[in-house]
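Remarks on the structure that follows.
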Amino acid sequence: GEQVEQRPPHLSVREGDSAIIICTYTDSATAYFSWYKQEAGAGLQLLMSVLSNVDRKEEQGLTVLLNKKDKRLSLNLTAAHPGDSAVYFCAARDTNAYKVIFGKGTHLHVLP
Amino acid sequence: DMKVTQMPRYLIKRMGENVLLECGQDMSHETMYWYRQDPGLGLQLIYISYDVDSNSEGDIPKGYRVSRKKREHFSLILDSAKTNQTSVYFCASSGGANQAPLFGEGTRLSVL
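So the protein sequences, as listed, match chains A and B. Each residue of the first sequence is one higher than the one before, counting from 1 in our numbering. Each residue of the second sequence is one higher than the one before, counting from 1001 in our numbering.
Written out as structure tokens, the structure is:
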């Protein structure tokens, strides 16, 4: 089945810098990807989703890039601010269309 | 209001007691999920429900069972809880293959 690797596990950036988180997946047939944000003590908040026919999507300071050839998905937070400090997860929807596989998360710290 | 609601938010039980975690959604989503989240292990899928009385094991179903008698309600049951079931449990629901799951706020379960 699908496997998702996420890196880095921890990331510290200064306010105003960019933060990039990368996920790689194994199943080239995977059709749907998502990014979530989890603040301390809270649930997972959906940030953005992309279908596999989309290479790039931008929304509210977030950019998702999908490289199907390399089976790589990335999330770029441009101009990060302290409120972006959280754990970020990527997710890939398995080809059976119901099972959703998560990366192990990236702890992002944005320093003032 | 699109929401997944989990009850209770916090629960302390003794080893051997039965545990009932409840989840509701107001979006008429067919698919619902139960995950557990542990440090270093990320999110692990326990069960998927495709609709009323149509449930399937996830990756770690041992020690758990589920019940879905109404589309908007999905329960996770631990019969004779064990200390290694101490975790944060998340419920999620999804409206289709191209919709990312939406998550509840989680239930923090401690089994003493």
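Backbone N, C-alpha and C define an ideal beta-carbon position, used for all residues, glycine too.
### Query
By how many angstroms is the C-alpha of A:ALA79 removed from the C-alpha of B:ALA952?
Here chain B covers residues 1001 to 1112 and nothing more, so residue 952 of chain B does not appear.
### Secondary structure, beta strand (DSSP E): runs of 3+ residues fully inside the stretch 1047 to 1093 of chain B
Runs found: 1054 to 1057, 1065 to 1070 and 1073 to 1078.
### Query
Just reading off the beta strand (DSSP E) that A:ALA19 is part of, what are its end residues?
Per DSSP, A:ALA19 belongs to the beta strand (DSSP E) from 19 to 25.
### Task
From the DSSP output, read off the bridge partner residues of A:ALA92.
A:PHE33 and A:ILE101
### Message
Let me confirm a value: A:VAL54 is counted as buried when at least 16 other C-beta atoms fall within 10 Å, else exposed. Which label applies?
### Response
exposed
### Query
Are A:GLY103 and A:GLN6 close, meaning C-beta to C-beta below 8 Å?
yes
### Message
Give me, in chain order, the residues of the same chain whose beta-carbon lies closer than 7 Å to that of B:GLY1058; leave out the 5 immediate sequence neighbours on both sides.
### Response
LEU1045, ILE1046, TYR1047 and ILE1048
### Query
For the ligand GTP, is there a heavy atom less than 7 Å away from the beta-carbon of B:SER1093?
Among the components modelled here there is no ligand, and therefore nothing to report on the ligand GTP.
### Host beta strand (DSSP E) of A:LYS68 (start-end)
For A:LYS68, there is no enclosing beta strand (DSSP E), as DSSP marks it with neither H nor E.
### Validate contact between the stretch 1021 to 1028 of chain B and the stretch 51 to 69 of chain A using beta carbons, cut 8 Å, 3 pairs
no
### Query
Relative to the alpha-carbon of B:LYS1013, which residue among B:ILE1077, B:PHE1090 and B:MET1027 has its alpha-carbon at the smallest distance?
Relative to the Cα of B:LYS1013, the nearest Cα in the group B:ILE1077, B:PHE1090 and B:MET1027 belongs to B:ILE1077.
### Query
Buried or exposed: which applies to B:LEU1112, given that a residue is buried once 16 or more other Cβ atoms fall within 10 Å of its Cβ?
exposed
### Query
Among the residues of its own chain, which have a CB less than 6 Å from the CB of B:GLU1030, if the five just before and after it don't count?
ASP1051
### Message
So, at 7 Å on beta carbons, what are the nonlocal neighbours of A:LEU46 in its own chain, with the 5 sequence-adjacent residues on each side left out?
### Response
For A:LEU46, the CB contacts under 7 Å within the same chain, skipping 5 residues up- and downstream, are SER34 and TYR36 in chain order.
### Task
In angstroms with no decimal places, state the Cα-to-Cα distance between B:ALA1100 and B:TRP1034.
14 Å
### Query
Bridge partners of A:SER74, per DSSP?
A:ILE22 and A:LEU65
### Task
Could you tell me which residues DSSP pairs with B:LYS1003 in its beta bridges?
B:LYS1003 pairs with nothing; no bridge assigned.
### Query
With distances taken between CB atoms, is the gap from A:LEU108 to A:SER85 smaller than 8 Å?
yes
### Task
Measure from the alpha carbon of A:GLN3 to the alpha carbon of each residue in A:ASP94, A:PRO112, A:THR106 and A:LEU111, then state which is nearest.
A:ASP94
#### Entry: Coarse secondary structure for A:ASP84, derived from DSSP in three states
helix
### Query
Smallest Cα separation from B:MET1032: which of A:VAL64, A:GLY105 and A:TYR98?
A:TYR98
### Task
Give a yes or no on whether 8 Å exceeds the smallest Cβ distance from B:TYR1050 to chain A.
At least one chain A Cβ lies under 8 Å of B:TYR1050.
### Message
Please identify, using Cβ separations under 7 Å, the residues of the stretch 1078 to 1099 of chain B that lie next to chain A, in order along the chain.
### Response
PHE1090, ALA1097 and ASN1098
### Message
So with CB distances below 8 Å, who are the chain A contacts of B:THR1031?
### Response
TYR98
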